[in-house]
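Each residue of the sequence shown is one higher than the one before, starting from 1 at the first, in full-length UniProt numbering.
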Amino acid sequence: MACFTQQEMTDMVMVIALAMQQAGNINPAPATTPPPAPPPSSKITTAKPHKYTGGADYLDFKCEVYLYIAANSRSFAVDADKILFVLSYLKGGHAATWAENYVDLWTVAGMMTLTATFNDFMMEFAQAFDNPN
1 MACFTQQEMT DMVMVIALAM QQAGNINPAP ATTPPPAPPP SSKITTAKPH KYTGGADYLD
61 FKCEVYLYIA ANSRSFAVDA DKILFVLSYL KGGHAATWAE NYVDLWTVAG MMTLTATFND
121 FMMEFAQAFD NPN
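Encoded structure:
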């Protein structure tokens with residue numbers, strides 16, 4: 001019995017298939033049609049949140065954050081992405097100090113390791129900035 005390599009076997013199968021096709025014993029392979037084009041994007045564009053300094057506009061900022069994250073959910077696959085996004089908009093004033101302290105809390109040996117959930121983060125954020133008065 002002769003031994004054939006995988007490539008030799010593949011070549012023989014292709015030759016046999018071609019011969020059978022030409023002899024009319026089997027139907028030719030159907031032409032492949034390209035997949036349909038994806039529907040036009042219905043992505044909603046929302047404005048990015050404003051820079052937050054810790055002022056009385058906390059509720060406005062929180063609303064802008066939630067709207068932006070909801071409209072761009074593919075960009076925020078994990079909670080850490082959402083937390084880092086919010087932290088990046090805390091600029092100046094009490095908000096910048098709070099963000100620096102939060103980053104320091106989650107930084108070990110120069111690496112930031114966020115294990116908090118986004119909901120926990122937002123609850124801490126609310127405790128610091130949501131003025132019930």
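All residues carry an ideal CB built from backbone N, CA and C; glycine is no exception.
Of the residues assessed, P49 falls on the buried side of the cut-off, its CB having 16 or more other CB atoms within 10 angstroms.
When DSSP assignments are scanned along the stretch 70-133, the uninterrupted stretches of alpha helix (DSSP H) that are 4 or more residues long and fall wholly within it turn out to be 79-88, 93-105, 118-129. Contact check for L84 and Y102: beta-carbon distance about 11 angstroms, past the 8 angstroms limit, so the pair fails to qualify. Less than 8 angstroms divides the Cβ of T46 from the Cβ of A71. The beta-carbon separation of D79 and T117, rounded to 5 angstroms, stays under the 8 angstroms limit for a contact. Between the C-alpha atoms of E124 and G110 there is a straight-line separation of about 23 angstroms.
When the Cα atoms are used, T115 and L105 turn out to be separated by approximately 11 angstroms.
No Cβ-Cβ contact shorter than 8 angstroms links G54 with F121. By the Cβ-count criterion, Y68 is buried, with 16 or more other Cβ atoms from all chains shown falling within 10 Å of its own Cβ.
Taken atom to atom, the span from the alpha-carbon of A56 to that of A126 is near 12 angstroms.
In its chain, beyond the 5 residues on either side, no residue has a beta carbon closer than 6 angstroms to the beta carbon of L59. Taking each of R74, E100, M112 in turn and checking the Cα distance to I44, the smallest one comes out for R74. As DSSP reads the structure, Y52 sits in a beta bridge with L90.
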